[in-house]
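With the working numbering applied, the first sequence corresponds to residues 3 to 287, in that order.
Here is the structure we will look at, set down as structure tokens.
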Amino acid sequence: MPELPEVETIRRHLAPRLEGRRLTTIAVHDPRWCRPLTPDAMASACEGRRIERLDRRGKYFVVVLEDEAFLLMHLRMTGTLLYDAAAGTPHRRVTFSLDDAHEVAFCDPRRFGTGELALGAEALRAFFAPRLGIEPLAGALTGPALREMARGRRGPIKAFLLDQRHVAGVGNIYADEALHRAGVHPLRPAGSLRPRQYAMLAQAVTAALQAGLDAGGATLDDFRHPDGVRGGFQHEFLVHLRRGQPCGTCGTTIVKFVAGGRGTYACERCQPRPRVRRGPITAGR
DNA sequence: CGCCCTGTTGGGGA
DNA sequence: ATCCCCAACAGGGC
């Protein structure tokens, strides 16, 4: 489950190995990867171009190619990018060959990962504008910014956090983690928090992602191992919210429920349930 | 052994 | 605005 810290960690490892190299060939083994673009169209647009930078926006990789061609990749749940993967590495979807005889493989057991193409700076902007909001690691995620975006919204705060159009890069684990750190219940209507809570939540999201990044940078050291990406990430820096386990802060049993359509873990002592709830009246719990 | 449920992100439709 | 379902598949429970 590559979340933002994993994506950023992979980017930092790969960037120095890719930047300045030329992309000689793109072998697309699974046409679904770049749909609706054909593998031929993807290849002809990118092959032969120099890689100027490897950037990131939210959970997207942005391979900045010369002449304003941008290859956008998303790992979704199980995708990985492996530098010089061992022969026979399973679930290989794409192979990018470089002019220095090295290669990068896009591997993805569940085949959800995607590759897209933006030609020109305007096309790049137009791709991200309707999809991604504030970059949380760029220092722009503040209490007032969060409060302003959430104003008037009745949906649960967790669904709001998971919506990439508001804050780019918050996944299920980090949403739970940040809400726990901020003492905010996942089902609180997004617009109903106190100003102080928006500030705490903004800080908690930033801190949780940064902690993940620190942990990833420390443990993710071998990109050539097929399981390198997944094996290196243990999420030990997280509060480790698990149903039936005691809360690390107060010892209350962690409960699981659905919020924003996702499995959600919370301590309902540290994160008090909202008094009023949406939808039909139901029995407690 | 095999069936069923769950988790995971983004997109699309109701 | 908000909710629900889908894509594809591993892995666990029963």
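Heads up, the beta-carbon is just placed ideally off N, CA and C, and yes, glycines get one too.
Which residues does DSSP pair with residue i in a beta bridge?
i	result
residue 267	258
residue 29	97
residue 65	56, 73
residue 105	99
If you draw a straight line from the alpha carbon of residue i to that of residue j, how long is it in whole angstroms?
i	j	result
residue 212	residue 139	7 Å
residue 105	residue 98	5 Å
residue 122	residue 96	23 Å
residue 36	residue 91	20 Å
residue 272	residue 266	15 Å
residue 124	residue 61	20 Å
residue 203	residue 145	7 Å
residue 2	residue 30	Absent from the structure is residue 2, since the part of the chain shown begins at 3 and ends at 287.
residue 39	residue 32	12 Å
By Cβ distance, which residues of its chain are closer than 8 Å to residue i, with the 5 residues on each side in sequence left out?
i	result
residue 50	24, 25, 26
residue 28	41, 44, 45, 48, 49, 96, 97, 98, 99
residue 167	132, 133, 134, 135
residue 17	55, 56
residue 275	187, 189
residue 115	35, 75, 76, 77, 78, 80, 81, 95, 108
DSSP three-state call for residue i: helix, strand or coil?
i	result
residue 232	Here residue 232 scores only 38 on pLDDT, less than 50, and its place in the model should not be relied on; the value that follows carries that caveat. Three-state result, residue 232: helix.
residue 55	strand
residue 275	coil
residue 186	coil
residue 120	strand
residue 37	coil
Using a Cβ-Cβ cutoff of less than 6 Å, which residues in the same chain neighbour residue i once the five nearest sequence positions on both sides are dropped?
i	result
residue 216	none
residue 126	72, 120
residue 75	63, 117
residue 206	180, 183, 184
Can you give me the Cβ contacts of residue i inside the same chain, cut-off strictly under 7 Å, excluding the 5 residues immediately before and after it?
i	result
residue 229	Any reading at residue 229 must be qualified, since the residue scores a pLDDT of 38, below 50, and its modelled position is unreliable; the value itself is stated next. Nothing meets the Cβ criterion.
Touch check for the region 146 to 163 and the region 244 to 254: three-plus C-beta pairs under 8 Å? Verdict: no, contact absent.
The region 262 to 274 in contact with the region 169 to 188 per 3-pair CB rule at 8 Å: Result yes; three or more Cβ-Cβ pairs closer than 8 Å.
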